[in-house]
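If you count the sequence shown from 1, position 49 lands on 48 in numbering that gives the first Met the number 0, and the numbers rise without skipping.
Don't be surprised by glycine CBs; every beta carbon is placed ideally from N, CA and C.
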Amino acid sequence: MPGSTATPEIELIIEKNPSDGGGGNLPPAGGDGGGDDGKRPRQWKPSPKRYYTGMALGIVSILMFFMALASAFLVRRGSGDWIPVHIPTLMWINTVVLLASSATLEMARQRLSQGRLSVYRNLWLLTTVLGVGFLVGQIVAWRQLVAEGIYLASNPASSFFYIFTGAHALHLFGGVAALIYVATRNFNQAQVTRSVAAEVTSYYWHFMDALWLFLLALLYLGK
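So, in structure tokens, the structure goes:
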């Protein structure tokens, strides 16, 4: 009719198609849904403290293991079948090599803090070579003992000698692997910086150095 406006009501019905899997759901505002502001969330980077804490826990567990062995060594040493093992001269030379590796490792860390990467890499490589040299020297020393007829099961003293030196060499091998890892790692894509990795590795290496001095003194004085 004239003077009146008729507004028809139009009902929109959107039916969900069972085959489309998504139906009529609309995506949330912001595109990729990465955050409230539509941006991707920032990548979480772990705190360097977690690496220091992990290394501290590892060192404590290794120390407890060797302290238990040392206690058993001191108790067993008083038995009548105890025949002391003469420490091969080569093991004293190996000790000097290991001490030298700790010195070169600290020099490498100092050069790294000064930004002298080329010198740092050379000293780090030298530390790795000295560590491998220590392990090779230990194997040669064991072969010398075997040539003298001293085996793992010869007597309690020889058993402890091989267990002490063998367990230390096994843990030091892990230190060599850590040195190689730090030397070859691309820290541009790592969650830890080169300086933190070098420092954590040096803690372990110096600990293994000090542990070897303790074991050597125990074997020498415990004869």
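Rounded separation between residue i and residue j - CA only
i    : j    : result
R108 : W211 : 22 Å
S131 : H205 : For clarity, residue 131 is Val in the given sequence; the question names Ser instead. C-alpha separation (whole angstroms): 15 Å.
F186 : I179 : 14 Å
T94  : K48  : 32 Å
Y150 : G53  : 36 Å
T103 : I58  : 21 Å
G77  : A71  : 11 Å
R142 : G148 : 10 Å
S46  : R184 : 19 Å
A67  : R115 : 43 Å
Q188 : R110 : 22 Å
F213 : V118 : 32 Å
R274 : L62  : Not covered by the structure: residue 274. The range shown for the chain is 0 to 222.
G221 : V96  : 23 Å
When the options are compared against residue i, the one with the closest alpha-carbon
i    : options               : result
H85  : F65, G165, F160       : F160
I92  : T126, G136, F72       : G136
P155 : L104, S201, P83       : P83
Y202 : G174, G79, L217       : G174
L73  : A152, Q188, F163, L97 : F163
A197 : R142, R75, R120, L62  : R120
T126 : L98, S153, S117, L116 : L98
D80  : V96, V118, S153       : S153
8 Å Cβ cutoff met for residue i and residue j
i    : j    : result
L124 : A182 : yes
M106 : L122 : yes
V139 : L89  : yes
S112 : S60  : no
P87  : L144 : yes
S100 : F64  : no
L169 : A69  : no
Y51  : V191 : no
With 16 other Cβ atoms within 10 Å as the buried cut-off, status of residue i
i    : result
D208 : buried
A177 : buried
Y219 : exposed
T200 : buried
L56  : exposed
S157 : buried
I13  : With a pLDDT of 41 at I13, under the threshold of 50, the modelled position of this residue cannot be trusted; read the value that follows with caution. By the 10 Å Cβ count, I13 comes out exposed.
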